[in-house]
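What follows is a single structure, written as structure tokens, with notes after it.
Protein chains: 4
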Amino acid sequence: MAYVGEPVFADMLLYRPEHSIIDQSLHANLGGFATNGDGFGIGWYGADGADGAPTVFKDTHPAWNCENLREIAPRIRTPLLFAHVRASSGTPVQRSNCHPFRHGNWLFMHNGSLADFHKVRRDLLVAVDPALFPDMEGSTDTEALFYLALTFGLKEDPPGAVARAVGFIEDVGRAHGIEYPVHMTLATTDGERVWIFRYSSEKATSSLYFSHDVTQVRALHPELDVLKKLGDDTRFIVSEPLRDLPGAWDEVPEASWALIRGADQETHHFEPVVPG
Amino acid sequence: MAYVGEPVFADMLLYRPEHSIIDQSLHANLGGFATNGDGFGIGWYGADGADGAPTVFKDTHPAWNCENLREIAPRIRTPLLFAHVRASSGTPVQRSNCHPFRHGNWLFMHNGSLADFHKVRRDLLVAVDPALFPDMEGSTDTEALFYLALTFGLKEDPPGAVARAVGFIEDVGRAHGIEYPVHMTLATTDGERVWIFRYSSEKATSSLYFSHDVTQVRALHPELDVLKKLGDDTRFIVSEPLRDLPGAWDEVPEASWALIRGADQETHHFEPVVPG
Amino acid sequence: MAYVGEPVFADMLLYRPEHSIIDQSLHANLGGFATNGDGFGIGWYGADGADGAPTVFKDTHPAWNCENLREIAPRIRTPLLFAHVRASSGTPVQRSNCHPFRHGNWLFMHNGSLADFHKVRRDLLVAVDPALFPDMEGSTDTEALFYLALTFGLKEDPPGAVARAVGFIEDVGRAHGIEYPVHMTLATTDGERVWIFRYSSEKATSSLYFSHDVTQVRALHPELDVLKKLGDDTRFIVSEPLRDLPGAWDEVPEASWALIRGADQETHHFEPVVPG
Amino acid sequence: MAYVGEPVFADMLLYRPEHSIIDQSLHANLGGFATNGDGFGIGWYGADGADGAPTVFKDTHPAWNCENLREIAPRIRTPLLFAHVRASSGTPVQRSNCHPFRHGNWLFMHNGSLADFHKVRRDLLVAVDPALFPDMEGSTDTEALFYLALTFGLKEDPPGAVARAVGFIEDVGRAHGIEYPVHMTLATTDGERVWIFRYSSEKATSSLYFSHDVTQVRALHPELDVLKKLGDDTRFIVSEPLRDLPGAWDEVPEASWALIRGADQETHHFEPVVPG
């Protein structure tokens, strides 16, 4: 889940919505796994003393029973929040494997998996820029994907870098006989813009939605008081809609990426590129 | 989940069955909660060096991602295993609140809850035998129920003691304006016999099953090799059936208790008794 | 450790000082235990969105290896911080037993122990105001001491309430044959004033210091740049001095309490009172 | 700490000795760190159902407050136990970084560190046999050292493989400008024999001891009843002596390795070898 908009308190995003991410950690209806109880994490911008850098808070237990999260969420006022609940696809449940991952001012999180990751892990790690390698702390497929994207230029050209990272992973995967190497919905941000991706080698990717511009939703649903409190530029990005509001959510199409910045958005076709 | 029978390795009970308890911790279909990820515990008899006392292993994370449980379960050979996955009804997720609870040679575990427990907790604790009180370590409704049952004679007369504990809790609860104070499926054992209870003040208790004598199940299902390995006296007690085997499971009726000892079983009506 | 003064970032208090509390958690020189690795906690005032209430962050692992604390401490800007590292004297290592404890706007933390706590625990709990009892979550001696002080009027008259709580505990303890029932250095605050206590039944209490008014320390040590950044009203309260600065620390005498409010302080004799 | 000898219960080894490893986790006198509270692990042979393979139990909290370890240790009867308490030198506190590490029938544990590990980590990982690489789960220097030793033939020739691994690490380290790349006391076993190593590039290695043949110790100390219960072949390997028994402990000399098998032992000079 990601939020971009006027500064709000994180508890309003994490705990209050129907079908909130905390609720989803207990029973995700559309995800590949029934339960996301293998750790969680949040990352946010705008913290006092942070100089624009994101702060992350991650732990290995389920989000729904984290008393520290419940304690600090109402104290976090932020214009940009990433939140993630994890269902491990095999790698250990440890803080260093929890999303969102951070590098400098960037955050990165991912639902899905790299198929047969243990088979390709070494080839992927070897391709990571040696100057970035020491910053890797965990052992998950997502961290490898993140560092490959960083290696291929994430900070300069996010869509291009992710296309090259995915192209590279598919290339390596197929060399190991893996039919569908990549399954991902993905979000990354530099603290101002958010890029989201939906893609799988099989072309059967889990769902990904973002909320329409709130002014439209407000017009459609004048009965909802909560919408009045949100600024016009508010955006939510979710795997599953937070509320059943007809007309409020846009599904990101299969094999697409979108850039979201304030009230503006653009959606493009996503095509992996094997790096030369 | 409880197992009584010939000594088997605990991993066979915990991980191998379809709809095993580990599987149920991820998505319980019939329970009041979708997910039982707020800690787990196992207790077993017959350990080397234990002199008949049960050993317990409990932790606060979900059972499904516990690498230590996965490690030790294949090394535990036991004729009597209790296993529990917890969905907290409000009290903290901490080891001292995980089931099964132990006192001397006895184990005790419970699904359900005492309604509005925070309102009645003090009255219940004050009624616990002061000689037993120092052994209480946690803060859950189940531990209070266990120590009330011990106070009312669990070790001498389990069905009578549980009837008095439940009667007392209902009495206290109603004095606090609680309509339905008790909801429980419960199992307790002295290491040889297992007593199970199904009762709720509302008479709408979650399910509880035990397996028929294996000889009958084997005759019904000659195609199932796994049944041949189990001794004739094998019994499983579960909230939800481990496999969809017609004829293999007996549901404990509403407001009943049963005593299971080897191939023998007896089922009785359960009626709370307000202690004089 | 407690800090009162101009708002500062918590990492400056927790990580930067020589002999900081994080350092002390690894090897406390003057405490009764060599290591305080059984959980930790911080509580602070002045958080955005908190309306004057304190926020607490506590966990069960050692403070020195908590990556979340290291992450959020530089984002916490506060004029009043309590920080505690725990060495369990026997009760379980669980979040609900970590200090500081909170009730409404109050925080409370304690070094020391109630001797033979398991023997007196029931008598102490029974004496807690039944209206306060449901707020108790843990099982430690310190939480019992806190709730007794609340019962005896902490929020109206902190020194008197603590005197009555200690008097009561000594009375109960001696009835159980305990020679020296209480050993405590203690700090409590309403968010503006801080009361500290040093007392033990044996009159041999662990150390407790508070820093002089910074203007004096600054005059004594013009070579220390860090002192220039601190406001004149700054106070530190510690079990062990943070730096070896002659003239910077005042030891609270045996059997005393002190009230600290801004640059003002007053120290009094502490005498337990058995409640009538 | 390692034990080889007649099968004994693990609690006798872990909790009973003066200066036991649990005690050492609270305050190690001779180690480089004051406290070993960043996780622990035990590995043992001879478990029922294990077919000769070692079982490991590891967790991220301090050993001294692990209630599960206290519970299962008296149930583990073993002729060969490895136990380790960790003080992280910078890599995350997570189970996958806890010792002992296991591969097939082998266990491996290490005190010390590879200097500036983040600088050399990539070069070391790339040198690990690609067929072994997928089995690596953590991020510590010790796991890298273990997998390099496996790559260089640990299972066929332990002293030679460790010499080549250390030689390789020193070579890589020096290429990165690291003066003293390796500091280690190390123990590894196949379940029958135990090899121990003491070496540092600086030739200033932490201490390592093994106990003499018990028959000699028994003759020296007829007053010690506990020695009568131990078989003649009993050996302890420790960083710090468990008791102050003159004549009971042999220090492994600087730059040496020893092979211990039953009552037999042999000690040799250890010389790193840069692989060709």
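Residue numbers (the numbering used here), protein chains in the order written: chain X, 1 to 276; chain R, 1 to 276; chain P, 1 to 276; chain Y, 1 to 276. Cβ coordinates follow ideal geometry from the N, Cα and C atoms, glycine included. From a predicted model like this one, the values you see are computed outputs, not experimental measurements.
- Query: Which bits of chain A does residue 17 of chain Y rub up against, with CB to CB less than 8 Å?
  - Reply: Absence of chain A from the displayed structure is noted, the protein chains being X, R, P and Y.
- Give the residues of chain P in contact with residue 93 of chain Y, contact being defined as C-beta atoms less than 7 Å apart. Under the 7 Å cutoff, chain P gives 65.
- Message: Quick check: is any heavy atom of the ligand SAH less than 7 Å from the C-beta of residue 253 of chain R?
- Response: Summarising the ligand content, the structure contains no ligands, and the ligand SAH is consequently not present.
- Message: Quick check: the Cα distance between residue 172 of chain X and residue 183 of chain X, rounded to an integer number of angstroms?
- Response: So the alpha carbons of these two residues sit roughly 15 Å apart.
- Beta-carbon proximity list for residue 67 of chain Y, same chain, < 6 Å, skipping 5 on both sides: Spatial neighbours of residue 67 of chain Y in its own chain (CB-CB distance under 6 Å, excluding positions within 5 residues in sequence) are not present.
- Enumerate in chain order the residues of its own chain whose CB-to-CB distance from residue 146 of chain P is below 6 Å, with the five nearest sequence positions on each side excluded. 101 and 108.
- Task: Determine, using beta-carbon pairs with one atom in the stretch 54-71 of chain P and one in the stretch 76-93 of chain Y, whether at least three such pairs fall under 8 Å.
- Result: The answer is yes - the stretch 76-93 of chain Y touches the stretch 54-71 of chain P, with three or more Cβ pairs under 8 Å.
- Query: Roughly how many angstroms lie between the CA atoms of residue 6 of chain P and residue 235 of chain P, to the nearest whole one?
  - Reply: Across the structure, residue 6 of chain P and residue 235 of chain P are spaced so that their CA atoms are roughly 10 Å apart.
- Item | Close beta carbons around residue 191 of chain P, own chain, < 7 Å, minus the five adjacent residues each side | Within the same chain, residue 191 of chain P has close Cβ partners 45, 52, 54, 80 and 105.
- Query: For residue 232 of chain P, is the classification buried or exposed, using 16 other Cβ atoms within 10 angstroms of its Cβ as the cut-off for buried?
  - Reply: Classification for residue 232 of chain P: exposed.
- Item | Runs of alpha helix (DSSP H) wholly within the stretch 174-233 of chain X (minimum 4 residues, chain order) | Within the stretch 174-233 of chain X, the complete alpha helix (DSSP H) runs of at least 4 residues are 214-220 and 225-229.
- Whole-angstrom distance between residue 35 of chain X and residue 209 of chain R, CA atom to CA atom: The straight-line gap from Cα to Cα measures roughly 25 Å.
- Do residue 187 of chain R and residue 2 of chain R come within 8 Å of each other at the CB atom, strictly closer than that value? For residue 2 of chain R and residue 187 of chain R, yes; Cβs fall inside 8 Å.
- For the alpha helix (DSSP H) that residue 68 of chain X lies in, which residues bound it at each end? 67-72 is the extent of the alpha helix (DSSP H) around residue 68 of chain X.
- Message: Does chain X have any CB closer than 8 Å to the CB of residue 20 of chain R?
- Response: It does not: the Cβ of residue 20 of chain R has no partner Cβ on chain X nearer than 8 Å.
- Task: Kindly indicate which three-state DSSP category residue 97 of chain X falls into: helix, strand or coil?
- Result: Shown here, residue 97 of chain X sits in a helix according to DSSP, grouped into three states.
- Task: May I ask you to list the residues that DSSP assigns as paired with residue 109 of chain Y?
- Result: BP columns for residue 109 of chain Y point to Y/187.
- First and last residue of the beta strand (DSSP E) that includes residue 6 of chain X? From DSSP, the beta strand (DSSP E) with residue 6 of chain X extends over 2-9.
- Query: When you compare only the Cα positions, how much space is there between residue 181 of chain P and residue 239 of chain P?
  - Reply: Between the alpha carbons of residue 181 of chain P and residue 239 of chain P lies a gap of roughly 21 Å.
- Query: Start and end of the beta strand (DSSP E) containing residue 121 of chain P?
  - Reply: Note, residue 121 of chain P: premise wrong, no beta strand (DSSP E); alpha helix (DSSP H) at 117-127.
- Message: Could you give the first and the last residue of the continuous alpha helix (DSSP H) run that contains residue 143 of chain X?
- Response: Unbroken alpha helix (DSSP H) run through residue 143 of chain X: 141-151.
- Task: In the DSSP assignment, find the unbroken beta strand (DSSP E) run with residue 44 of chain X in it and report its ends.
- Result: Segment 40-44, the beta strand (DSSP E) holding residue 44 of chain X.
- Kindly indicate the opening and closing residues of the beta strand (DSSP E) around residue 259 of chain P. From DSSP, the beta strand (DSSP E) with residue 259 of chain P extends over 256-261.
- Message: Please confirm whether residue 59 of chain P has its beta-carbon closer than 8 Å to some beta-carbon of chain Y.
- Response: Answer no: the Cβ-Cβ gap between residue 59 of chain P and chain Y never drops below 8 Å.
- What's the call for residue 252 of chain Y, buried or exposed, on a 16-neighbour Cβ count within 10 Å? For residue 252 of chain Y, the number of other beta carbons within 10 angstroms of its own is at least 16, and it is reported as buried.
- Message: Using 8 Å for Cβ pairs, my map puts residue 58 of chain P next to residue 37 of chain P. What's the rounded Cβ distance?
- Response: Wrong, their Cβ atoms sit about 14 Å apart, outside the cutoff.
- Task: Can you give me the Cβ contacts of residue 170 of chain R inside the same chain, cut-off strictly under 8 Å, excluding the 5 residues immediately before and after it?
- Result: These residues qualify, in order along the chain: 181, 182, 201, 272 and 274.
- Message: Which residue marks the beginning of the beta strand (DSSP E) containing residue 83 of chain P, and which one marks its end?
- Response: Note, residue 83 of chain P: beta strand (DSSP E), 77-85.
- Starting from the beta carbon of residue 79 of chain P, find every residue of chain X whose beta carbon is closer than 7 Å, and list them in chain order. Chain X residues near residue 79 of chain P: none, gap ~13 Å exceeds 7 Å.
- Is residue 57 of chain P helix, strand or coil by DSSP? It is a strand residue.
- Beta-carbon gap between residue 197 of chain P and residue 82 of chain P smaller than 8 Å: The beta carbons of residue 197 of chain P and residue 82 of chain P sit no closer together than 8 Å.
- Could you give the distance in angstroms between the alpha-carbon of residue 113 of chain P and the alpha-carbon of residue 141 of chain P? The straight-line gap from Cα to Cα measures roughly 7 Å.
- Query: So which residues on chain Y does residue 71 of chain R lean against when the C-beta distance must stay under 9 Å?
  - Reply: The answer, in chain order, is 55, 56, 57 and 58.
- Item | Cβ separation of residue 130 of chain R and residue 118 of chain P, assumed to be a contact under 8 Å, to the nearest whole Å | About 12 Å separates the beta carbons of residue 130 of chain R and residue 118 of chain P, which is beyond the 8 Å limit, so they are not a contact pair.
- Compare the C-alpha of residue 17 of chain P against each of P/227, P/165 and P/85 and name the closest. Out of P/227, P/165 and P/85, the CA that lies nearest to the CA of residue 17 of chain P is found in P/227.
- Message: Which residue wins for smallest C-alpha separation from residue 85 of chain Y, given the options Y/111, Y/103 and Y/72?
- Response: Of Y/111, Y/103 and Y/72, the smallest CA-CA separation from residue 85 of chain Y is found for Y/111.
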